[in-house]
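For the sequence shown, counting from 1, position 286 maps to 286 in the UniProt record's numbering; every step adds exactly one.
In what follows, a structure is listed as structure tokens, so that the remarks can point back to it.
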Amino acid sequence: MMVTYAKTGIEGLDFILSGGYPEGSAILLEGAPGTGKTILGMQFLYHGAQELNEAGIYITFEEFPEQLYQEMNSFGWDLRQLEKKNKLRVICMSPEVLIEQMKQPNGIFERIVKEIDCKRIVIDSLNLLHFGVEGSAEKREIVYMLRNILRKHSMTSLLIHEQSSLNKKEIPFVSYVVDGVIQLSLQEHNTIYRKRTLEVLKMRGCNIKEGEHIYRLTDDGVYLVPALSMIEDMVVMENERSVTTGIPALDQMLAGGMPRGTAFVLDTNSKANYKYLLASIITSRIRAGENIILLLSSLSGIHDLEHIYRLYGVDLADLAQKERIYFIEHYDRPIPEVFSNAVIKVNKVANQDYKELIREKVNTVVSQGIERGEKWFVFYDLNTLVSQRGKEFITSYFTEEVAAISAAEMTLLALTNFTEIGTETASFLERTCNGVFQTWVDGNYQYFQLKKSPQGNISRPLLVENIQARPFIRFI
């Protein structure tokens with residue numbers, strides 16, 4: 001059966017819940033004093049009544065309605081007006097009376113629910129509902145009774161639970177009984193400030209966005225910014241067309257693929273196997289009709305690349321004969337005859353002559369190709385450049401290269417190891433490039449993370465799994 005959702009009244013929260021709270025669900029909202037539980041709960045009711053014509057009930061055991069009216073008015077929420085329209089009820093009663101009335105058929109609780117056709121309810125709080133109840137079995141019975149009655153009336157409910165250092169584990173069974181658990185936290189941030197975070201620990205019927213999401217208490221209520229949210233590079237996104245990476249999960253993160261005219265860097269450690277990731281990206285550009293400039297590494301010569309690219313249906317020798325691929329070689333290795341015109345050997349070229357040689361050998365070919373409407377993709381193994389030419393060469397040369405490549409609407413992918421090249425050079429590369437990939441091994445698993453992108457997207461760490469079919473890797 002298709003799940004329908006009750007909008008939370010908080011756009012960012014709807015996003016991380018993939019639509020909102022599942023209708024008819026019971027959700028535990030827990031947090032320490034001052035985290036904004038009451039505001040979040042009332043925002044849910046106010047939005048439902050004001051925007052969606054869904055009536056709601058707020059039950060409090062300690063705050064009088066007048067106090068809530070005044071507090072919520074600071075957000076521009078006129079609760080009295082909603083009560084006049086039969087869209088809201090703010091009820092203050094003792095826990096004992098609530099339990100008694102909920103058990104009674106056609107009691108006060110049921111009559112109010114039917115009177116306003118209630119769809120949403122907030123109960124503040126479970127702590128007070130259990131006040132004076134000592135036995136865990138009795139507490140459990142109250143929670144089950146509460147959940148079943150709320151389900152009977154098909155109401156979407158928020159059950160507030162106030163946490164403290166003393167009662168964090170007081171009623172752990174509640175999280176098993178309810179359909180969802182949302183935790184609000186206050187954490188120290190930059191020593192001076194405290195940041196507010198929201199985490200969805202559980203939500204049946206929802207594909208949730210995991211992680212701790214920062215929220216603010218604004219003049220309009222709770223405003224939540226989903227984790228991994230960055231600013232989109234509109235200049236890049238408006239003017240460039242994306243090309244698939246060949247890896248579906250990565251394409252999804254990049255809103256289609258790597259945009260033309262952008263520069264990406266792949267940071268990896270010595271244990272990570274990145275050859276399938278690189279091969280998938282580069283062969284995808286080849287199949288998209290792009291020409292390639294490839295700076296070879298010490299670990300992968302032309303013979304190695306021929307073998308792996310053949311797995312992706314790409315014949316490097318054929319590309320070389322058609323003048324669609326060129327290699328920059330820093331090492332004294334034998335060159336197959338078919339590639340002799342496609343390899344630029346720089347192993348005996350000094351740094352001061354390197355730029356001039358590359359301009360002479362590469363730029364002319366590329367410029368002529370661009371004039372014919374051809375697209376170009378450049379791959380640099382920066383580990384090779386650092387080992388052969390030094391870190392200082394990278395900082396001066398790479399800046400010029402990125403600027404020239406971007407101006408020519410070419411796309412660049414650079415491979416490096418941030419740990420080995422040092423913090424200063426790594427920071428320089430992160431600032432210079434439009435996007436940053438990272439892959440590493442931790443224990444028995446390899447991970448991948450998108451840490452920066454022109455689309456403004458970043459990802460949580462994803463598991464890298466080997467598969468039998470192309471592209472031979474999958475992100476989980």
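Every residue gets a Cβ at the ideal spot worked out from N, C-alpha and C, and that includes glycine.
Use the C-beta contact count for residue i: other C-beta atoms within 10 angstroms, 16 or more gives buried, fewer gives exposed.
| i | result |
| --- | --- |
| ILE16 | buried |
| GLU115 | exposed |
| ASN53 | exposed |
| VAL236 | Low confidence applies here, because VAL236 scores a pLDDT of 43, under 50, leaving its location unreliable and the question unanswered by this model. |
| PHE398 | buried |
| GLN455 | buried |
| ILE231 | For ILE231, the predicted structure reports a pLDDT of 47, less than 50, and the residue's modelled location is therefore unreliable. The matter cannot be settled from this model. |
| SER270 | exposed |
| LEU463 | exposed |
| GLU238 | Any reading at GLU238 is ruled out, since the residue's pLDDT is 43, under 50, leaving its predicted position unreliable. |
| ASP124 | buried |
| GLN368 | exposed |
| PHE127 | According to the sequence as given, residue 127 is Asn; it is not Phe. ASN127 comes out buried. |
| LEU224 | buried |
| GLN70 | exposed |
| LYS37 | buried |
| THR191 | Here the model assigns THR191 a pLDDT of 49, short of 50, so the residue's position is not dependable, and the following value carries that caveat. Classification of THR191: exposed, given that the 10 Å Cβ count is below 16. |
| ASN73 | exposed |
| SER154 | exposed |
| PRO471 | buried |
| ILE171 | Per-residue confidence for ILE171 stands at a pLDDT of 49, beneath the threshold of 50, marking its modelled position as unreliable; the derived number appears in the next sentence. With 16 or more Cβ atoms within 10 Å of its Cβ, ILE171 is classed as buried. |
| GLU240 | At GLU240, the pLDDT of 49 sits below 50, so the modelled position is not reliable; the number obtained from the coordinates is stated separately. The residue in question, GLU240, is buried, as its Cβ has 16 or more Cβ neighbours within 10 Å. |
| HIS303 | exposed |
| LEU299 | exposed |
| GLN67 | exposed |
| ARG196 | buried |
| residue 482 | For residue 482 there is no data in the structure shown, the boundaries of the chain being 1 and 476. |
| ASP381 | buried |
| GLY373 | exposed |
| ILE467 | exposed |
If I'm right that residue i touches residue j with Cβ under 8 Å, what's the distance once you round it to whole angstroms?
| i | j | result |
| --- | --- | --- |
| SER280 | THR245 | 6 Å |
| ARG285 | VAL343 | Not really, about 20 Å apart at Cβ, beyond 8 Å. |
| ILE160 | LEU29 | 5 Å |
| ARG324 | ILE292 | 7 Å |
| LYS119 | GLY48 | 7 Å |
| ALA6 | THR218 | The Cβ separation is near 22 Å, so there is no contact. |
| GLY422 | LYS391 | 7 Å |
| THR432 | VAL402 | 5 Å |
| ILE99 | ILE142 | 7 Å |
If I follow the unbroken beta strand (DSSP E) through residue i, where does it start and stop?
| i | result |
| --- | --- |
| ILE123 | 118 to 124 |
| ARG89 | 88 to 92 |
| ARG216 | 213 to 218 |
| PHE448 | 445 to 452 |
| GLU465 | 462 to 466 |
| ASP267 | 263 to 268 |
| GLN321 | Element bounds for GLN321: not the beta strand (DSSP E) but the alpha helix (DSSP H), 316 to 321. |
| ASP475 | For clarity, residue 475 is Phe in the given sequence; the question names Asp instead. Its beta strand (DSSP E) spans residues 473 to 475. |
Which residue or residues does DSSP assign as beta-bridge partners of residue i?
| i | result |
| --- | --- |
| HIS161 | GLU30 |
| LYS391 | According to DSSP, which records beta bridges pairwise, LYS391 is partnered with nothing at all. |
| TYR354 | Paired residues: none, contrary to the question. |
| GLY180 | ILE27 and MET203 |
| MET258 | VAL243 |
| GLY76 | Answer is none; GLY76 lacks a bridge partner. |
| ARG221 | The sequence shown places Gly at residue 221, rather than the Arg named in the question. In DSSP, GLY221 forms a bridge with THR218. |
| VAL378 | ILE293 and LEU412 |
| THR197 | SER185 and ILE214 |
| ASP442 | TYR445 |
| THR4 | Answer is none; THR4 lacks a bridge partner. |
Looking at the secondary structure, which residues open and close the alpha helix (DSSP H) in which residue i lies?
| i | result |
| --- | --- |
| PHE327 | Per DSSP, PHE327 belongs to no alpha helix (DSSP H); it is in the beta strand (DSSP E), 325 to 329. |
| VAL177 | 174 to 177 |
| ILE281 | 275 to 287 |
| ASP14 | 11 to 16 |
| LEU296 | Here LEU296 belongs to no alpha helix (DSSP H), and DSSP marks it neither H nor E. |
| ILE308 | 302 to 311 |
| ARG431 | 423 to 432 |
| VAL365 | 364 to 371 |
| ILE57 | Note, ILE57: premise wrong, no alpha helix (DSSP H); beta strand (DSSP E) at 55 to 60. |
| ARG333 | Careful: ARG333 lies outside any alpha helix (DSSP H) and carries neither H nor E. |
| VAL343 | From DSSP, VAL343 is part of no alpha helix (DSSP H) but of the beta strand (DSSP E) over 343 to 345. |
| ARG140 | 136 to 152 |
| THR38 | 37 to 52 |
Residue i CB to nearest chain C CB: under 8 Å?
| i | result |
| --- | --- |
| LEU296 | Chain labels in this structure do not include chain C; a single protein chain is all it has. |
Inter-stretch contact at 8 Å, needing at least 3 Cβ pairs: the stretch 313 to 324 / the stretch 333 to 353: yes
Three-pair Cβ contact test at 8 Å for the stretch 264 to 271 versus the stretch 401 to 414: yes
Cβ contact (3+ pairs, closer than 8 Å) linking the stretch 7 to 26 and the stretch 74 to 92: no
Cβ contact (3+ pairs, closer than 8 Å) linking the stretch 201 to 219 and the stretch 57 to 70: no
Touch test, the stretch 304 to 314 against the stretch 385 to 396, Cβ-Cβ under 8 Å, three pairs minimum: no
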